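Undergrad: Dropping the structure in here first, questions after.
Numbering (the numbering used here), first residue to last: 5 to 303.
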C-alpha cells in the first residue's frame, strides 16, 4: 500500500510501499475461504507466522463448532502446495503432529505435485484480485471490505497495533521439547499421516501401504502427558483436553512490531503526498515527509 488501481503516480513508481501479506485457507467441506491480512510490521512469512495463523484458524473453528454444539471432526485432510522451504519444514511437520494430538484423531497431508495444480486457493486469489481491480486502496480495512464482497470469502485483518494480536513467536522451542525430528529425505514424500504421535510417509497417495515409512515422533505411551504439557505451555493452565483451555488467552510471546530501515522509511515517505489524510495515520511517522506535521497533530 498504497495500491493504485487506476493509475500509478510517476513520483511513486520507484518508491517502497507498505507490504500487505495474506494467508488463505479454503474449507472444502463448506466451500468457504478465510483470508487473514497483516502487514510486514506484524510478522513475516516464516515458520512462526505459519504456525500462528494455522493454529488460530483451527482454534477458532473449534470454538465455533463448540458454541454451536456441533461434533468435532475426527480427521483433518490438508492439501498443500509443495513449497519445501515453507510447507515442509521440520517445525511445520511437528505442528501438524500437534494438531493430531490436540484437535484431531488423525491429520493427513497431501502435497500437490509441482506444476499447474489449479488449487482452489489460487482461484480464490484470482476472484479477490477481480474485486480489487480498478480501485485505489490506502488501508488494509478497505482491502478487507472489498475482498469480503467475494461469495464464500471471509477476510479479516490482524492489526500490529493490537497488543494481543494472534501472531506469536518461539514455537520452535516448544516443538523441540516434545517432538523428535523427521529423518533426512522426508521432503521427497508427498503423502503424510499423523496419528497418535506417529507419522506415516509415502512417496505418493498411490504408493502401496507396505512401502510406507513409519516414524514415531513422541512416545506412544505418553500421548496424554504430551497433550497436557502442550496445553500448559500454550495456555498456562492444567488441562487434559483442548476443550478445557481453548477459550483462554494463548500464553506464547506476541510477535514484536517490526521496524523499517531508514532507507525504506525515506522512500516510503515519498508516497505520503498521494495518501488521503484519513488513512495516513496508519502509516509510520517519518520526520520531514509530506503530511508529517498533520500526522503528528492528529495523533
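The C-beta atom is built at its ideal place from N, Cα and C for all residues, glycine as well. Please read all numbers here as calculations on a predicted model, not as lab measurements.
The alpha helix (DSSP H) with residue 147 in it runs from where to where?
TA: Position 143 of the chain shown holds residue 147. 144-151 is the extent of the alpha helix (DSSP H) around residue 147.
Undergrad: Going by the CB atoms, is the gap between residue 191 and residue 49 shorter than 8 Å?
TA: By 1-based counting over the chain shown, the position of residue 49 is 45. By 1-based counting over the chain shown, the position of residue 191 is 187. Contact flag unset, no.
Undergrad: Using DSSP bridges, identify the partner residues of residue 47.
TA: Position 43 of the chain shown holds residue 47. Paired residue(s): none; residue 47 is not in a bridge.
Undergrad: Check the C-beta distance from residue 182 over to residue 107 and give it rounded, since I have them as a contact under 8 Å.
TA: Translated into positions along the chain shown, residue 182 becomes position 178. Translated into positions along the chain shown, residue 107 becomes position 103. Their Cβ separation, rounded to whole angstroms, is 15 Å, which puts residue 182 and residue 107 out of contact at 8 Å.
Undergrad: Rounded to whole angstroms, what's the CA-CA distance from residue 47 to residue 158? Just pull it up for me.
TA: Your numbering for residue 47 matches position 43 in the chain shown. Your numbering for residue 158 matches position 154 in the chain shown. One C-alpha to the other measures close to 21 Å.
Undergrad: Just verifying my parser: in three-state terms, what is the DSSP assignment at residue 169?
TA: Mapped onto the chain shown, residue 169 falls at position 165. Three-state result, residue 169: coil.
Undergrad: Looking only at DSSP bridge pairs, what is residue 202 linked to?
TA: Here residue 202 refers to the residue found at position 198 of the chain shown. Paired residue(s): 199, 220.
Undergrad: Tell whether a beta-carbon distance below 8 Å holds between residue 219 and residue 186.
TA: For the purposes of this step, residue 219 is taken as the residue at position 215 of the chain shown. For the purposes of this step, residue 186 is taken as the residue at position 182 of the chain shown. For residue 219 and residue 186, yes; Cβs fall inside 8 Å.
Undergrad: Which residue or residues does DSSP assign as beta-bridge partners of residue 7?
TA: Your numbering for residue 7 matches position 3 in the chain shown. Answer is 141.
Undergrad: Can you name the residues that DSSP bridges to residue 83?
TA: Translated into positions along the chain shown, residue 83 becomes position 79. Residue 83 pairs with 114.
Undergrad: How should residue 251 be labelled, buried or exposed, when 16 other C-beta atoms within 10 angstroms of its C-beta is the threshold for buried?
TA: Looking up residue 251 in the chain shown gives position 247. Answer is exposed; the Cβ neighbour count stays below 16.
Undergrad: Check residue 157 in the structure and name its three-state DSSP category.
TA: Stepping through the chain shown from its first residue, residue 157 is reached at position 153. The answer is strand: DSSP assigns residue 157 an E or B state.
Undergrad: Shortest alpha-carbon distance to residue 174 belongs to which of 238, 208, 291?
TA: Numbered from its first residue, the chain shown carries residue 174 at position 170. Selected option, being the one with the closest Cα: 238.
Undergrad: Which residue from 244, 118, 132 puts its Cα closest to that of residue 193?
TA: Here residue 193 refers to the residue found at position 189 of the chain shown. Taking only the C-alpha atoms, the option nearest residue 193 is 118.
Undergrad: Looking at residue 111: is its Cβ nearer than 8 Å to the Cβ of residue 80?
TA: To locate residue 111, count along the chain shown from 1; it is residue 107. To locate residue 80, count along the chain shown from 1; it is residue 76. Result yes, Cβ atoms of residue 111 and residue 80 sit closer than 8 Å.
Undergrad: Which residues in the same chain as residue 160 place their Cβ atom closer than 8 Å to its Cβ, once the five residues preceding and following it in sequence are excluded?
TA: If you number the chain shown from 1, residue 160 lands on position 156. These residues qualify, in order along the chain: 38, 39, 40, 41, 148.
Undergrad: Which same chain residues end up closer than 7 Å to residue 280 when comparing Cβ atoms and leaving out the 5 residues on each side of it in sequence?
TA: Sequence index remark: in the chain shown, residue 280 carries index 276 (1-based). Answer for residue 280: 142, listed in chain order.
Undergrad: When DSSP labels each residue in this structure, what does residue 297 get in the three-state scheme?
TA: Here residue 297 refers to the residue found at position 293 of the chain shown. Annotation note: pLDDT 47 at residue 297 (below 50); position unreliable, no value reported.
Undergrad: What separation, rounded to the nearest whole angstrom, lies between the Cα atoms of residue 274 and residue 19?
TA: As a working note, residue 274 is residue 270 in the chain shown. As a working note, residue 19 is residue 15 in the chain shown. Using only the alpha carbons, I get a separation of about 7 Å.
Undergrad: Just to confirm before moving on: does the CB-CB distance between residue 113 and residue 55 stay below 8 Å?
TA: Working through the chain shown from its first residue, we reach residue 113 at position 109. Working through the chain shown from its first residue, we reach residue 55 at position 51. Cβ atoms of residue 113 and residue 55: not closer than 8 Å.
Undergrad: Using the C-alpha atoms, what's the distance from residue 282 back to residue 51?
TA: Within the chain shown, the letter at position 47 stands for residue 51. Within the chain shown, the letter at position 278 stands for residue 282. Cα to Cα, residue 51 sits roughly 35 Å from residue 282.
Undergrad: Alpha carbon to alpha carbon, how far is residue 102 from residue 211?
TA: Here residue 102 corresponds to residue number 98 of the chain shown, with the count starting at 1. Here residue 211 corresponds to residue number 207 of the chain shown, with the count starting at 1. For residue 102 and residue 211, the distance between alpha carbons rounds to 25 Å.
Undergrad: Excluding the 5 residues preceding and the 5 following residue 24 in the sequence, name in chain order all residues of the same chain whose CB lies nearer than 7 Å to its CB.
TA: Taking the first residue of the chain shown as 1, we reach residue 24 at position 20. The residues are 5, 41, 43, 144, 147.
Undergrad: For the beta strand (DSSP E) containing residue 29, name the first residue and the last one.
TA: Sequence index remark: in the chain shown, residue 29 carries index 25 (1-based). That run of the beta strand (DSSP E) goes 24-31.
Undergrad: Can you tell me whether residue 298 is buried or exposed, with buried defined as 16 or more other CB within 10 angstroms of its CB?
TA: As a position in the chain shown, residue 298 is number 294, starting the count at 1. With a pLDDT of 46 at residue 298, under the threshold of 50, the modelled position of this residue cannot be trusted, and the question is left open.
Undergrad: Rounded to the nearest angstrom, what separates residue 45 and residue 167 at their Cα positions?
TA: Here the question's residue 45 lines up with position 41 in the chain shown. Here the question's residue 167 lines up with position 163 in the chain shown. Rounded to whole angstroms, residue 45 to residue 167 spans 13 Å at the Cα level.
Undergrad: Rounded C-beta distance between residue 171 and residue 151? I'm assuming under 8 Å.
TA: On the chain shown, position 167 is the one that residue 171 refers to. On the chain shown, position 147 is the one that residue 151 refers to. Going by Cβ atoms, the distance from residue 171 to residue 151 rounds to 19 Å, so no, they are not a contact pair.
Undergrad: With 16 other CB atoms within 10 Å as the buried threshold, where does residue 242 fall?
TA: Residue 242 sits at position 238 when you count from the first residue of the chain shown. Exposed: under 16 other Cβ atoms inside 10 Å.
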